[in-house]
Amino acid sequence: MTPGPVAPAFLRYGSAMNINGLKFCVIGGGLGGLAAALALRTRGGRVTVLEQAPALTEVGAGLQISANGMAVLRALGVASDVPEAGQLSGGTVLRDYRKGRVISRIAPPAVGPTYYYHRADLLDLLHQAALRAGVDVRLGARVEKVRKHPGEAEIVLQNGERLRAECAIAADGGRSAIRPILNGAEAPEFTHQVAWRATIPWEHQEDVPRASLTMGPGRHVVSYPLRDQSLMNIVAIEERSDWQEEGWRRQGDPDDLRTRFADFGGPVRDILSKVEDVHLWALFLRPVAQKWQNGRLALLGDAAHPTLPFMAQGACLALEDAWILIRSLQDHSGVTRALAAYEAARRPRARQVVAAAGANARNFHLRGPMRFAAQAALMAIGPRLARRYEWIYSYDATA
Ligand SMILES: Cc1cc2nc3c(=O)[nH]c(=O)nc-3n(C[C@H](O)[C@H](O)[C@H](O)COP(=O)(O)OP(=O)(O)OC[C@H]3O[C@@H](n4cnc5c(N)ncnc54)[C@H](O)[C@@H]3O)c2cc1C
0 MTPGPVAPAF LRYGSAMNIN GLKFCVIGGG LGGLAAALAL RTRGGRVTVL
50 EQAPALTEVG AGLQISANGM AVLRALGVAS DVPEAGQLSG GTVLRDYRKG
100 RVISRIAPPA VGPTYYYHRA DLLDLLHQAA LRAGVDVRLG ARVEKVRKHP
150 GEAEIVLQNG ERLRAECAIA ADGGRSAIRP ILNGAEAPEF THQVAWRATI
200 PWEHQEDVPR ASLTMGPGRH VVSYPLRDQS LMNIVAIEER SDWQEEGWRR
250 QGDPDDLRTR FADFGGPVRD ILSKVEDVHL WALFLRPVAQ KWQNGRLALL
300 GDAAHPTLPF MAQGACLALE DAWILIRSLQ DHSGVTRALA AYEAARRPRA
350 RQVVAAAGAN ARNFHLRGPM RFAAQAALMA IGPRLARRYE WIYSYDATA
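In numbering that gives the first Met the number 0, the protein residues as written are 0 to 398.
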């Protein structure tokens, strides 16, 4: 890593902080961690990313990045106006499960379009940009503890190695091992939702493809194309009373998937018939963290605010966090004040978005008369539905 020149102390601790030369350890090389690392490094921070996995890979293929997330990717320089590797979305078609009847067509948000990314592609864009900028990305480096010392954080790895940094950022995901240091032990709760995730080869070409959201009692299926429409990404969610497996993810049986969604007709039936390889995720949650930082250590992304995927906002929120964290570090005197400002700016927004995703879990899976009433309302509101969530998409962390 090539460290940036170290700023004189009076510059670093004046009314606004110059992060040039400050040392940062980012725990977790997911989307949130890499975005934060890249932003810090391009402002002259000396950044080490510690990632437990031996290679940076993303499982589960698709990711919708709405305008609020795209604003950060653009500011990071990894997405131009026609974003590399991304697929422009033409909106979402809502369908009823039985015959796939169209209930409503939601136009792309007026504030800016959503893009569909293959997770591995987006992760690779961020990883390569971080390496080019001079971020030190260490793989196979699992962090066990972070201790606070005067003026710095001590990061303890599983292999016993210790690192010191002026600031540690824990972007270690929904099962964060670092979050309990700030919030005490909180066992993640099973949400009674299970996600099946698969991709299939795809041949149909649309000018501007749309996502499809097919809703049935206790279940829904989201599908959208990836990689120049050569793949179709499928996420099928079902309510389940229990999860017997030990882990959060396991290989699934495509026939079991088809049986569980056997009463889904229309395009979804055709799509599910082509699935040959599928994985299952049990969706576990912790609440939005009460405490996000202690003056030297801050939580970011799913580590701070795991969310159900029903607003497609988890990664977008992590990107927003990364940008606001860097802005706070630049705008405040000293790391301690900056992290407090970051927490104050981010917690209310994260709570609102996480709550909206939780509400959709109910809306998508309605049963009986409630379902018919909701469908009638959706038909009446129609394309204006996108406006309902404009407060999410119009948020521009980089403005
Ligand atoms: C079915 C499904 C669909 C989704 N769809 C969307 C969508 O369309 N749009 C969207 O915005 N979001 C979506 N999300 C949410 C999104 O995937 C997450 O919010 C996002 O990946 C969080 O990023 P992160 O960097 O905080 O954590 P992660 O991506 O989980 O990364 C954490 C990293 O930390 C590493 N790590 C963990 N512990 C340690 C440790 N102790 N030491 C070192 N490294 C460690 C992990 O190996 C991992 O690489 C979806 C989620 C699901 C489940």
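Glycine included, every Cβ here is placed at the ideal spot set by N, Cα and C.
Under the three-state reduction of DSSP, which class applies to residue i: helix, strand or coil?
| i | result |
| --- | --- |
| Met214 | strand |
| Thr258 | helix |
| Ala152 | strand |
| Asp95 | strand |
| Arg42 | coil |
| Arg163 | strand |
| Gln192 | strand |
| Phe309 | helix |
| Gln351 | helix |
| Trp247 | coil |
| Asn362 | helix |
| Gly61 | strand |
| Arg137 | strand |
| Val231 | In the sequence under discussion, the amino acid at residue 231 is Met, which differs from the Val named in the question. Strand. |
| Arg387 | helix |
| Glu143 | strand |
| Val77 | coil |
| Gly55 | Correcting the residue identity first, residue 55 is Leu in this sequence and not Gly. In this structure, Leu55 counts as coil in the three-state DSSP scheme. |
What residues in its chain sit with their C-beta under 7 Å from that of residue i, if we drop five residues either side in the sequence?
| i | result |
| --- | --- |
| His148 | none |
| Arg239 | His191, Val193 |
| Arg141 | Gln51, Leu156, Gln157 |
In whole angstroms, what is the alpha-carbon distance linking residue i and residue j?
| i | j | result |
| --- | --- | --- |
| Gln436 | Ile325 | Lying before the first or after the last residue shown, residue 436 is absent from the chain, which here runs from 0 to 398. |
| Gln228 | Asp262 | 27 Å |
| His117 | Pro200 | 13 Å |
| Ala60 | Ala311 | 13 Å |
| Asp330 | Pro347 | 20 Å |
| Leu122 | Gly29 | 7 Å |
| Leu307 | Ala356 | 6 Å |
| Val48 | Pro208 | 36 Å |
| Arg361 | Leu124 | 35 Å |
| Tyr341 | Gly265 | 46 Å |
| Arg248 | Gln351 | 27 Å |
| Gln127 | Thr56 | 13 Å |
Could you give the C-beta distance for residue i and residue j, rounded to a whole number, given that I count them as a contact under 8 Å?
| i | j | result |
| --- | --- | --- |
| Ser327 | Ala337 | 4 Å |
| Val134 | Ile177 | No, Val134 and Ile177 are not in contact; Cβ-Cβ is about 19 Å, not under 8 Å. |
| Ala317 | Leu299 | 7 Å |
| Arg218 | His364 | 7 Å |
| Leu62 | Ala34 | That belief does not hold up - the Cβ atoms of Leu62 and Ala34 are roughly 13 Å apart, past 8 Å. |
| Cys24 | Leu130 | With a Cβ gap of about 17 Å, Cys24 and Leu130 do not count as contacting. |
| Tyr392 | Ala66 | 5 Å |
| Ala303 | Ala349 | 7 Å |
Give me, in chain order, the residues of the same chain whose beta-carbon lies closer than 6 Å to that of residue i; leave out the 5 immediate sequence neighbours on both sides.
| i | result |
| --- | --- |
| Asp120 | Ala84 |
| Gln292 | Leu338, Glu342 |
Please return the same chain residues whose Cβ sits closer than 8 Å to the Cβ of residue i, not counting the five positions on each side in sequence.
| i | result |
| --- | --- |
| Val267 | Arg94, Tyr96, Gly99, Ser211, Thr213, Val220, Ser222, Phe260 |
| Glu389 | Pro108, Ala109, Val110 |
| Glu165 | Leu21, Lys22, Phe23, Gly150, Glu151, Ala152, Arg295, Val334 |
request  = Pick out the complete beta strand (DSSP E) segments inside the segment 86–135, 3 residues or longer, and give them in chain order.
outcome  = 91–95, 101–105, 114–117
ask   = At what residue ranges does the segment 262–312 contain a whole run of the alpha helix (DSSP H), taking only runs of 4 or more?
value = 265–272
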